[in-house]
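> One structure is given below, represented as structure tokens, and several questions about it will come after.
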Amino acid sequence: MSQVGGATGRPAILVEGLTKSFGEVHALRGIDLSVPRGTVLGVLGPNGAGKTTAVRILTTLLLPDGGRAEVEGYDVVRDAAAVRRTIGLAGQSAAIQEELTGRENLEIIGRLYHLSWPRARSRATELLEQFGLSDAADRSAKNYSGGMQRRLDLAASLVGQPRVLFLDEPTTGLDPRSRLGMWDIIRSLAAGGTTLLLTTQYLDEADELADEIVVIDHGLVIAAGTAEELKGRVGGDVVEFTVPDRRRMADAVTAVAKTGEGEPHADEDTGLIYVGVGGRGSDALIEAVRSLDAAGIETRDLRLRRPSLDDVFLALTGHAAEEEEDQPSGRRRRSRSRRRGQGQDDARVTS
Amino acid sequence: MTAVAELAGGSGAAEPGLRTRAGWAITDTLTITRRNLLVWMRVPAYLVFTVIQPVMFVLLFVYVFGGAIKVPGTNYVNFLMPGIIAQSAAFATFGTAIALAQELKKGVIDRLRSMPMARSAVLAGRLVADTGRMLVTILIIIGVGYAVGFRFSNGVVPAIGMVLLATVFGVAICCISAYTGLAIGDEESVQAFGLIWLFPLTFLSSAFVPIATMPGWLQAFAYHNPVTYVVNAMRALALGGPLEPDLWQSLVWIAGIFIVFVPLAVRAYRRAS
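Just so you know, the protein sequences line up as chains A and B, in that order. Position in the first sequence (from 1) plus 1357 gives the number in the numbering used here. Position in the second sequence (from 1) plus 3 gives the number in the numbering used here.
Encoded structure:
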């Protein structure tokens, strides 16, 4: 592969002032991105924030209205064919044909990348092995589990050995175990030097996988930085607890309101309440315990924690990351993000 | 990679020449065709639709309606077969509309378009595969027709001509279906509307009964229906008789359908998201 495409210092993905409207809807209102070679950018935002539109423009599926975008030095409008030879795209919409076997799917995609038949076959075998699909290789993809289908989809995007890989919500709808499996695969791709742009609405996913994160809301980049930098923006720690008796939620919010630096956030469904307390850490915690006790409110899991990206999102946008989503999935995500601690440290070691 | 190739490609990975790209357009189309045919063979429902349904139509018309329908100059089986072949070729394109709408909705078309393959191959491969499928249907119907008494009586070359005319007509209808599938882009709606327009088009024609038996107001439509021209020409090719005006008129109609619907289908495909 020729590396003439861009000087070494040039970012793998460069986006300047990108705009796109669909009629009255301004999907992108001037986005700037810069992704250095071999790094992972997490693009974070709720449904309809403009993430998918940005990916569609970068993968030459959609023409922008204004601004420009380059992938490996190739303009996505003028050098679209060169961009397509450089990138891979995988996402929630499985590109696999369910009636065909895993092997047939990959072989056909190999042929569409203009590999010879023998090369398409050997590439398919390689990828099936790499993604733990060898045993299921000759079964119809219809009988694959959700996680296996997603892995096959990702394998398909790697047939052409892309230098830049776009993953559009790669774990949306997966069960927790498959999700962790995808994370491992994505980490190993990043470790192999592939530049990755990953969109997600899961804050913990961006936290786990991305070197840099941009937060998009209503078609604008509203924050950018590492996960730690973004958490620093919330300004300090968070006191969090659950109220088992939902009728006492309002009283609990009142009790901790004067302790917090902002409005306490309460989730009626889970009984979870949390509030930012700035740099006052354990003093604030003691104060919260006293006022809750004085009000006679029973609490569970009362603790002081470092801010999560959920808090960042709330602080930046004034609304929760997944408020458009239905409640049950929001609950699932929250319970996941609470047991994130160790995985996060692993991610730091590998990256 | 040679130095020349690198220079020709400017600053990036070598841009392939026109000859290479034309070659890719063909191999990519064949790859997509292969993929579509593999899928077709794996799904029992598709096989039922392309094989069993047309056979049922033949048996239904020959044995149920046939006894009550009098046709001038020949027996009903001979009259019916060209008509039912044209009708089945047209109905087979329902599968085209469904498949394209499905691929669009599932994001398959998007994924294929993000690859360095020829963009025309998705549509071209679909048409080639569905033409092959249509040809299989036509040959099966002719086989069943022979079993129930149909005979070509005008020689081998005109008989092949009839099959060709039916196929070209089917491909033209296929372009309309491809357009509707891509323009509607939603499988359920295509299920509902993809077949409905084909009923009046094929039944209000000379395909199943002599037009003279229809009420006067309907005759006006039926005589000018392109399906009538195609079926009349097919009948002349299969059974003998005057071919001239119907053949030219049907070819003009078919050309007209291509001229209108190929660009429409291509545009719908380009815009599809």
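Beta carbons: idealized from backbone N, C-alpha and C, even for Gly.
Grab the span of the beta strand (DSSP E) containing A1581/A for me, first residue to last.
Taken as a continuous stretch (DSSP letters only), the beta strand (DSSP E) holding A1581/A covers L1577 to G1582.
> What residue from I179/B, T96/B, V230/B and T53/B has the CA that sits closest to P266/B's CA?
P266/B has its Cα closest to that of I179/B, out of I179/B, T96/B, V230/B and T53/B.
> Mind reading off the beta-carbon distance from I1414/A to P1421/A? Whole number of angstroms is fine, and I expect it under 8 Å.
With a Cβ gap of about 5 Å, I1414/A and P1421/A count as contacting.
> Taking F1598/A as the reference, which of D1389/A, G1619/A, E1655/A and G1445/A has the closest Cα?
Among D1389/A, G1619/A, E1655/A and G1445/A, the Cα nearest to that of F1598/A belongs to E1655/A.
> Alpha carbon to alpha carbon, how far is M118/B from R1442/A?
When rounded, the distance between both Cα atoms is 7 Å.
> Which of the residues in the stretch 1610-1624 of chain A, read from start to end, lie with their CB under 9 Å from any CB of chain B?
The residues in question: there are none.
> Take the Cβ of Q1454/A as the centre, count every other Cβ of all protein chains shown within 10 Å, and call the residue buried at 16 or more, exposed below.
By the neighbour-count rule (16 or more Cβ atoms within 10 Å), Q1454/A is buried.
> Just checking: is the beta-carbon of T1556/A within a distance shorter than 7 Å of some beta-carbon in chain B?
Taking Cβ atoms only, chain B never reaches closer than 7 Å to T1556/A, which makes this a no.
> For chain A, find out if any of its Cβ atoms is closer than 7 Å to the Cβ of D113/B; answer yes or no.
Yes, D113/B counts as interfacial toward chain A.
> Cβ of A124/B within 7 Å of Cβ of I35/B?
Contact flag set, yes.
> Around the C-beta of H1471/A, are 16 or more other C-beta atoms found within 10 angstroms, so that it is buried, or is it exposed?
Result: buried.
> Can you list, in chain order, the residues of its chain whose CB lies under 7 Å from that of V263/B, leaving out five sequence neighbours each side?
Correct list: empty, nothing qualifies.
> For a test of the three-state rule: what should DSSP assign to K1499/A, helix, strand or coil?
It is helical.
> Of the residues that make up the stretch 1450-1481 of chain A, which ones have a beta carbon closer than 8 Å to any beta carbon in chain B?
Result list: S1450, A1451, A1452, Q1454, E1456, L1457, E1461, I1465, I1466, R1468, L1469, Y1470 and H1471.
> Tell me the rounded alpha-carbon separation between V1440/A and D1492/A.
Each residue's Cα considered, the two are about 34 Å apart.
> Residue range of the beta strand (DSSP E) that G1633/A falls in?
It spans L1629 to G1635 - the beta strand (DSSP E) in which G1633/A sits, taken as one unbroken run.
> Does any CB atom of chain B fall closer than 7 Å to the CB of T1396/A?
Output row for T1396/A: interface = no.
> Run through the DSSP bridge pairs and tell me what G1399/A is partnered with.
Bridge partners of G1399/A: L1555/A and I1570/A.
> For A1447/A, write down the residues that DSSP places opposite it in a beta bridge.
Note: A1447/A sits in a beta bridge opposite L1524/A.
> Quick one: measure Cβ to Cβ for V1412/A and T1556/A, integer angstroms, because I've assumed they're closer than 8 Å.
Contact flag correct, Cβ pair sits at about 6 Å.
> Using 8 Å as the threshold, is the stretch 145-161 of chain B in touch with the stretch 75-92 of chain B, meaning 3 or more CB pairs across them?
The stretch 145-161 of chain B, when compared against the stretch 75-92 of chain B, does touch it at the 8 Å Cβ threshold.
> Is K1377/A buried or exposed, if buried means 16 or more other CB atoms sit within 10 Å of its CB?
Its Cβ being crowded by 16 or more others within 10 Å, K1377/A is buried.
> Quick one: using the 10 Å Cβ neighbour count with 16 as the cut-off for buried, is V46/B buried or exposed?
Looking at its Cβ environment, which holds fewer than 16 other Cβ atoms inside 10 Å, V46/B is exposed.
> R1441/A touches chain B at which residues, Cβ-Cβ below 9 Å?
The answer, in chain order, is R116, S117, M118, P119 and M120.
> For G1636/A, which option in A1652/A, L1671/A, D1594/A and Q1518/A has the closest C-alpha, if you only look at C-alpha atoms?
Of A1652/A, L1671/A, D1594/A and Q1518/A, the residue nearest in Cα terms is D1594/A.
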